[in-house]
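> So the sequence shown is residues 1390 to 1566, counted in our numbering.
Note that CB positions come from ideal geometry on N, CA and C, so glycine has one too.
Handing you a structure now.
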Amino acid sequence: MTMSRLRTGFLRMAAGAAALVLSGAFAASSGAEDKALATFKVMTPKTALALAQATLEACRKGGYQVAVVVTDRFGGVQVALRDRLAGAHTVETARRKAWSAVSFRTDTWEMYGLIKDGTVNPGVRQIGQALFVGGGVRVTAAGSIVGGVGVSGAPGGKLDHDCAVEGIEAIQDLLEF
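Listed below in structure tokens is the structure:
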């Protein structure tokens, strides 16, 4: 065997041993994060519909004609309801609010304030689909986000937000597990 072949063989063995050591160290340090599959909770369609209906009723009590969109924890639409006199734009606006709340893991009314006071860079508003005005609220159960609800059509983002919160409170017993 030539010296060059010996050196190449040694380097391959050393690299393989280093990779083995590093992978073992990574596996030991990552613990639960090293699982091949993740588990999470999502709302059933029945729960999402109950949330949308409760939120719509909360807005109706205030005299507001709105659209309500409920998304899963990833921002995918589960339910969309639009009251008879809600504007044509309200469904898409409600969807974007719900999407923003789950995507940024922060209610849109709170994000609006954080952007306004400079805590969050205002450039975040340029992210596609993001809409940071009141009315997008995270839905949580046992400390985890299980979905989002977006409301559009009340006269002002704070009122949209309040309807969403009231809708979540109305179905809170369904979210406890």
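Near Leu1503, which residues of its chain fall below 8 Å by C-beta distance, leaving aside the five closest residues on each side in sequence?
Looking up residue 1503 in the sequence shown gives position 114. Closer than 8 Å at the Cβ level, and outside the excluded window around Leu1503, lie Thr1495 and Val1509.
> Return helix, strand or coil for Arg1527, following the three-state DSSP convention.
In the sequence shown, the residue the question calls residue 1527 occupies position 138. The answer is strand: DSSP assigns Arg1527 an E or B state.
> CB-CB under 7 Å to Leu1411, same chain, minus the five flanking residues each way: which ones, in chain order?
For the purposes of this step, residue 1411 is taken as residue 22 along the sequence shown, with counting starting at 1. Model confidence at Leu1411 stands at a pLDDT of 41, short of 50, so the residue's coordinates are unreliable; what they give is reported in the following sentence. Excluding residues within five positions, none has a Cβ falling inside 7 Å.
> Would you report the Cα separation of Lys1424 and Ala1531, rounded to the nearest angstrom?
Within the sequence shown, numbered from 1, the residue matching residue 1424 stands at position 35. Within the sequence shown, numbered from 1, the residue matching residue 1531 stands at position 142. Distance between the alpha carbons of Lys1424 and Ala1531 is about 21 Å.
> Answer yes or no: do Gly1539 and Gly1517 have a C-beta to C-beta separation smaller than 8 Å?
Position 150 of the sequence shown, counted from the start, is the residue given in the question as residue 1539. Position 128 of the sequence shown, counted from the start, is the residue given in the question as residue 1517. Cβ distance not < 8 Å, so Gly1539 and Gly1517 don't count as in contact.
> Specify the secondary structure class of Gly1537 as computed by DSSP and reduced to three states.
Position 148 of the sequence shown, counted from the first residue, corresponds to residue 1537. Strand.
> Report yes if the CB atom of Gly1536 is closer than 8 Å to the CB atom of Val1480, and no otherwise.
Along the sequence shown, read from residue 1 onward, the residue named residue 1536 stands at position 147. Along the sequence shown, read from residue 1 onward, the residue named residue 1480 stands at position 91. Not closer than 8 Å, so no.
> Less than 8 Å between the beta carbons of Asp1461 and Met1432, yes or no?
Reading the sequence shown from its first residue, position 72 is the one you call residue 1461. Reading the sequence shown from its first residue, position 43 is the one you call residue 1432. Yes.
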